[in-house]
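Throughout the sequence shown, residue numbering follows our numbering, covering 9 to 319 in sequence. Backbone N, C-alpha and C fix where the C-beta goes; we use that ideal spot for every residue, glycine too. None of the values given here were measured: they were computed from a predicted structure. Quick notes on the structure that follows.
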Amino acid sequence: MTDRVVFYSQLDTPEPWRAALHAALPDLEFAMADAVTDPAGVRYALVWNPPRGFFARFPDLRMIVSLGAGVDALVTRDDLPPGVAITRLQDPLMSRMMASYVLFATLRLARDIPAFEAAQRQARWHFIEPRPLSRIRVGIMGLGELGLFAARECARLGFAVSGWSRSPKSEPGITCHAGMDSLPAFLGGCDIVVCMLPKTPQTIGLLNAERLAMLPHGAGFINVARGDIVDQDALVEALRSRRIGQAMLDVFTPEPLPADHPLWRLDNVLITPHVASVALPDSAAPQIAENIRRLRAGLPVNDPVDVARGY
Ligand code: NDP
Numbered sequence: 009m010t011d012r013v014v015f016y017s018q019l020d021t022p023e024p025w026r027a028a029l030h031a032a033l034p035d036l037e038f039a040m041a042d043a044v045t046d047p048a049g050v051r052y053a054l055v056w057n058p059p060r061g062f063f064a065r066f067p068d069l070r071m072i073v074s075l076g077a078g079v080d081a082l083v084t085r086d087d088l089p090p091g092v093a094i095t096r097l098q099d100p101l102m103s104r105m106m107a108s109y110v111l112f113a114t115l116r117l118a119r120d121i122p123a124f125e126a127a128q129r130q131a132r133w134h135f136i137e138p139r140p141l142s143r144i145r146v147g148i149m150g151l152g153e154l155g156l157f158a159a160r161e162c163a164r165l166g167f168a169v170s171g172w173s174r175s176p177k178s179e180p181g182i183t184c185h186a187g188m189d190s191l192p193a194f195l196g197g198c199d200i201v202v203c204m205l206p207k208t209p210q211t212i213g214l215l216n217a218e219r220l221a222m223l224p225h226g227a228g229f230i231n232v233a234r235g236d237i238v239d240q241d242a243l244v245e246a247l248r249s250r251r252i253g254q255a256m257l258d259v260f261t262p263e264p265l266p267a268d269h270p271l272w273r274l275d276n277v278l279i280t281p282h283v284a285s286v287a288l289p290d291s292a293a294p295q296i297a298e299n300i301r302r303l304r305a306g307l308p309v310n311d312p313v314d315v316a317r318g319y
């Protein structure tokens, strides 16, 4: 029986995915979506932002795999076929790459690097007493696949780490908070806060002016999740007034961030163009292959995306 996966993305190169999936599951046929004339046997779709009506072309579909960890654009579509499992990549190297960004961003702030960069531009010897990392409270919003890995890495370096999630968690070395009631106390205890939440109806606009004001004066703010989770105008205001001392931002509304946006011109912001992490075919393919084996065996997929929940 032919078993096929179709690939669609305008961002990702298909060849590494073809090779990695072939290595993991040699009998799986790989096809570019646009080249498929007969949809029979197309049971899996590996996609990033396919056009509307895409899924209807493949009546045998049993699993849709999002090529990224963020599934907000996928789960809000009104053309998802019923009864088809949705999964996202859970890629160990993607988590590691994300953690490297989060570590860089937190260390940059913890070690006062922006102040030294500014001083160097004026040839000014500007001594700031280094603070031990154990006295710097780093709060990770979202303790999922990427957030928990980053939180553990921050704890490993010696930061005082707390985390915030929807459901209660217990994690050695991390003070865990859960639910909206605990948000003010969590934010109030963050010298540096890192947003690693998915974009869902509950998290859009979550970090509004009122919540940003719950951070300690001069706190550091890092966003690697989605721009829409933060009220960007309120963030600009908080940065201008230095209530938020420094920000490192990888995600925006909209993307690309328009050239005339005030964030570009604030001297306490470092902007990167949505590069914190990407999925890597070699480390993601075994997980996709495992889910295909499970479906072939009549088992449910591992870690399906909950469409109603939004992540
Ligand atoms: P997961 O889905 O694995 O985890 C999400 C976490 O957020 C969970 O801990 C979840 O809580 C928590 N959460 C969700 N909703 C709420 C809520 N309303 N209140 C409190 N906590 C909540 O996501 P990942 O860790 O894999 O990824 C996080 C996001 O990172 C992605 O959604 C994506 O947008 C972004 N991303 C950005 C990239 C970049 O390059 N900048 C690259 C890859 C991803 P619980 O554990 O209780 O379910």
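Query, Result
"If you follow the alpha helix (DSSP H) that Tyr52 is in, where does it begin and where does it stop?", "Looking at the DSSP string, Tyr52 is not in any alpha helix (DSSP H); the run it does join, the beta strand (DSSP E), is Val50 to Val55."
"Is Arg60 helix, strand or coil when you go by DSSP?", "coil"
"Among the candidates Ala81, Arg85 and Val79, whose CA atom is the shortest distance from the CA of Ala64?", "Arg85"
"Would a C-beta distance cut-off of 7 Å place Phe157 and Ser103 closer than the cut-off?", "yes"
"With hydrogens ignored, establish whether the beta-carbon of Asp314 is closer than 6 Å to any heavy atom of the ligand NDP.", "no"
"Assuming contact is defined by CB atoms lying nearer than 7 Å, are Pro90 and Leu69 in contact in what I supplied?", "no"
"Pairing CB atoms from the stretch 136-146 with CB atoms from the stretch 249-262, are three or more of them under 8 Å?", "no"
"Between the stretch 120-127 and the stretch 204-215, do three or more beta carbon pairs fall short of 8 Å?", "no"
"With DSSP as the reference, label Arg234 as helix, strand or coil.", "coil"
"How should Glu37 be labelled, buried or exposed, when 16 other C-beta atoms within 10 angstroms of its C-beta is the threshold for buried?", "exposed"
"Just to check, is the beta-carbon of Glu263 closer than 6 Å to a non-hydrogen atom of the ligand NDP?", "no"
"Going by the DSSP bridge assignment, what does Trp172 pair with across the sheet?", "Met149 and His185"
"Is Arg273 buried or exposed, if buried means 16 or more other CB atoms sit within 10 Å of its CB?", "exposed"
"Can you name, in chain order, every residue of its own chain whose Cβ lies under 6 Å from the Cβ of Ala93, other than the five neighbours on each side?", "Met71, Val309 and Pro312"
"Report yes or no: do three or more beta-carbon pairs, one from the stretch 288-295 and one from the stretch 257-275, lie closer than 8 Å?", "no"
"Less than 7 Å between the C-beta atoms of Thr261 and Gln240, yes or no?", "yes"
"Starting from the C-beta of Leu19, find all residues in its chain whose C-beta is less than 7 Å away, skip the five residues before and the five after it, and write them out in chain order.", "Trp56"
"For His185, is the classification buried or exposed, using 16 other Cβ atoms within 10 angstroms of its Cβ as the cut-off for buried?", "buried"
"Leaving out the 5 sequence neighbours to the left and right, which residues in its chain are closer than 7 Å to Leu33 when beta-carbon positions are compared?", "Ala297 and Ile300"
"Distance check for Asp42 and Leu82, CA to CA, integer angstroms please.", "19 Å"
"Would you check whether the ligand NDP has a heavy atom nearer than 6 Å to the C-beta of Met256?", "no"
"Going by the beta-carbon positions, is the gap between Asn216 and Val259 smaller than 7 Å?", "no"
"Under 8 Å by Cβ, that's how I've got Leu111 and Cys162 pegged, so tell me the actual separation to the nearest angstrom.", "7 Å"
"Kindly identify the DSSP beta-bridge partner or partners of Val202.", "Ile148 and Ile230"
"Between Gln240 and the ligand NDP, is the CB less than 6 Å from at least one heavy atom?", "no"
"Check the DSSP bridge columns for Gln254 and list the partner residues they point to.", "Gly228"
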